[in-house]
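Heads up, the thing below is written out as structure tokens.
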Amino acid sequence: MYSLGRASLIVRKMDASAGRLSVFDDVVRKNFYIRFFYALYEKSPGFLKTTLLIIYGLKCYLSVNWASRAEGEIAFFASYPNERVALDHLRRNLPELSAAELTISRRNCLGWPALAALPAFLACVARLWPLAARLSRRLHFMPACRVFSTTAFYLRFGRLLKQRRAQAVFIANHYSPECLALAAAAHRQGGKVLFVNHANATGNKVYAPPLHCDLAALTGQGVLDAYMENGRPPVNAVFIPPTSPQAQMRSHFNPEGGLSVGIFLTALTDMARLEALVAQLLESPRVARVLIRPHPVKVINEDLSGLCTADGRVQETGGSLLIDDVRLCDLAICGNSTATIEVLRGGLPVFYDAALDSCGHDLNGHLHRKLVPPLPERLDEAALEAVAAFYDDPDWLGRMRYFDASYRGDEAEMFRRLAVGIRETLQDSGLAPLLLTPAAAPAAQDEAQDEATAAAEEPRRAEAGEKPEARPWTGRRLSG
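Position 431 of the sequence shown, counted from 1, bears residue number 430 in numbering that gives the first Met the number 0, the numbering being contiguous throughout.
Right, dumping it as structure tokens:
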């Protein structure tokens with residue numbers, strides 16, 4: 000079961016890991032505005048640091064709201080484009096779901112709804128101040144902001160959920176402050192938490208936050224194993240197809256035609272290696288064009304304009320669907336990108352280049368499990384024949400299905416199982432609608448102060464090792 004304390008500890012542990020700190024440093028280097036506030040924060044005295052955290056918390060508090068007046072049993076929430084793609088994929092294939100939608104945007108900070116929500120946050124400031132002061136002393140700028148924002152989001156989501164009759168929330172991220180805060184607020188009010196993975200992350204060399212949801216819709220056994228490692232509690236899971244469509248593997252190449260090679264990037268790209276790789280590919284007589292697809296989260300991307308050529312042989316793709324870029328290519332090169340699974344699923348053979356980013360060698364286990372071959376020194380005819388033989392191996396299908404349970408399977412049946420799982424999860428709860436009528440509404444400031452007191456204390460209690468209320472697992476696993 001999610002609680003605010005548990006959510007705050009997950010965010011803190013995730014953001015204090017070496018990999019995340021490297022990403023934060025990379026973001027600060029690339030973004031002027033973040034770099035400015037980082038320098039201001041680090042050079043400020045304690046009082047000003049705490050004030051900046053409170054202001055940031057206010058921005059987070061006001062940035063979330065209902066997308067419309069539509070009611071629904073399940074409130075869907077996505078904070079990044081790749082999360083929205085995962086949730087929209089489910090909604091398209093499960094049109095019978097009664098859905099509402101929560102949004103996060105700076106635009107939500109403006110207008111009458113934000114003005115109406117402002118007094119409730121201001122009533123919390125005195126009780127949130129000690130938490131902000133403690134975080135400002137212990138953590139660097141970005142981890143402090145994210146941990147504190149967990150509490151701010153939690154307070155806001157708690158009030159928003161009471162306005163509607165949603166019995167559950169559906170999220171696509173299990174480590175972001177906003178998604179964890181929503182999950183904690185839903186569980187606090189007796190609701191259910193449903194989860195779908197937005198990426199095929201199967202890395203076992205970094206901290207993988209545990210799942211405490213009521214039902215998880217996962218794309219494969221590899222993702223489930225990552226969540227279950229180190230003896231964590233069982234996950235009530237059902238397997239679903241990834242977001243992109245399947246296609247026959249195109250591992251045999253026209254011996255006379257030029258190849259379009261796609262390079263699919265993730266965070267922490269090694270630009271020196273990328274430049275060398277592009278130069279190497281352009282030297283090959285078999286390569287007609289190189290397409291570079293950056294990570295969908297723009298703030299972590301490098302400037303690739305210097306690599307693009309006027310003749311169009313090297314191009315950066317952007318804003319298009321992943322499957323559209325897959326269809327433009329004959330061959331792909333990936334580092335530790337979780338998009339590797341969907342690239343393969345789209346029928347594109349993949350080479351693994353361990354030096355393309357600094358996320359760690361074979362982070363997701365694709366090389367170890369012989370899902371992809373390593374990039375050869377030269378992309379010649381021998382290399383192309385070898386990659387064709389690699390993907391023609393009859394055993395490769397089983398290796399692919401470990402990462403994508405739906406590969407060459409009945410996807411409609413998988414969605415039917417998910418629909419049954421969702422309905423059973425909601426029915427098991429015996430929930431009444433969480434609609435808050437005007438007559439039953441408590442005074443805004445009194446409620447906000449009570450929630451703020453509990454919210455400010457819960458992360459401290461969790462940090463001290465005090466456990467939240469235990470909630471038994473039902474013992475039913477739908478993935479089998």
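In this text, a Cβ means the ideal position worked out from N, Cα and C, and glycines have one as well. A quick note: this is a predicted structure, and the numbers were derived from the prediction, not measured.
For the set Ser78, Trp128 and Lys161, the Cα lying nearest the Cα of Lys48 is the one of Trp128.
DSSP, reduced to helix, strand and coil, places Ile262 within a strand of the structure shown. A Cβ-Cβ distance of about 13 angstroms is found for the pair Ala418 and Glu72, leaving them out of contact under the 8 angstroms criterion.
Around the Cβ of Trp65, a 10 Å sphere holds 16 or more other Cβ atoms; the residue is buried.
If you draw a 10 Å sphere on the C-beta of Lys42, you find fewer than 16 other C-beta atoms in it, and that means exposed. Looking at the DSSP output, Lys191 shares a beta bridge with Ala167. Distance from the Cα of Arg377 is smallest, within the candidate group Arg407, Ser21, Ile322 and Ser283, for Ser283.
In this structure, the beta-carbon distance from Ala246 to Gly345 falls below 8 angstroms.
Between the region 326-337 and the region 258-276, the count of C-beta pairs closer than 8 angstroms reaches three or more; the two stretches touch. Check the Cα spacing between Gly190 and each of Leu179, Ala180, Val168 and Gly56: the tightest is with Val168. Of Ile340, Gly311, Thr308 and Gly305, the smallest CA-CA separation from Ile322 is found for Ile340. In this structure, the CA atom of Ala198 is about 21 angstroms from the CA atom of Ala15. Excluding residues up to 5 positions away in sequence, Thr218, Gly219, Gln220 and Phe238 lie with their Cβ nearer than 7 angstroms to the Cβ of Ala404 in the same chain. One Cα belongs to Leu93, the other to Arg422, and the distance between them is close to 12 angstroms. Counting only the Cα atoms, Arg83 lies some 5 angstroms from Ala77. A contact between stretches requires three or more CB pairs, one per stretch, nearer than 8 angstroms, and the region 47-63 meets this requirement with the region 144-158.
Across the structure, Arg68 and Ala74 are spaced so that their CA atoms are roughly 12 angstroms apart.
Note that the C-beta distance between Leu273 and Leu355 is below 8 angstroms.
With distances taken between CA atoms, Ala382 lies nearest to His251 out of His251, Arg90, Pro241 and Ala216.
Its chain contains Pro295 as the residues whose beta carbon lies nearer than 7 angstroms to that of Pro80, once the 5 sequence neighbours on both sides are disregarded; these appear in chain order. Residue pairing by DSSP puts Asp356 in a beta bridge opposite Thr268. DSSP, reduced to helix, strand and coil, places Ile54 within a helical segment of the structure shown. Boundaries of the alpha helix (DSSP H) around Ile322: Leu321 to Arg326. Judged by pairs of C-beta atoms under 8 angstroms, the region 173-187 touches the region 135-154, as three or more such pairs exist.
Under DSSP, Trp65 shares a beta bridge with Leu101. Residue pairing from DSSP places Ala216 in a beta bridge opposite Val195 and Val237. Shown here, Ala246 sits in coil according to DSSP, grouped into three states, outside any helix or strand.
Shortest Cα-Cα distance from Val286 to any of Ala278, Met248 and Pro293 involves Ala278. Considering only Ala183, Ala131 and Glu70, the residue with the shortest C-alpha distance to Leu3 is Ala183. Annotation for Ala15: no alpha helix (DSSP H) segment contains it, and DSSP assigns it neither H nor E. Between Pro232 and His173, the alpha-carbon positions lie close to 15 angstroms from each other. The residue from Thr424, Met399, Tyr406 and Glu410 with its alpha-carbon nearest to that of His88 is Glu410.
DSSP places Arg368 in the coil class of the three-state scheme, outside both helix and strand. In the DSSP annotation of this structure, the continuous segment of the beta strand (DSSP E) that includes Ala331 starts and ends at Leu330 to Cys333. When the five nearest sequence neighbours on each side are left out, the beta carbons in the same chain lying within less than 6 angstroms of the beta carbon of Pro373 are those of Tyr351, in order along the chain. For the 8 angstroms CB-CB criterion, Ala85 and Val195 form a contact.
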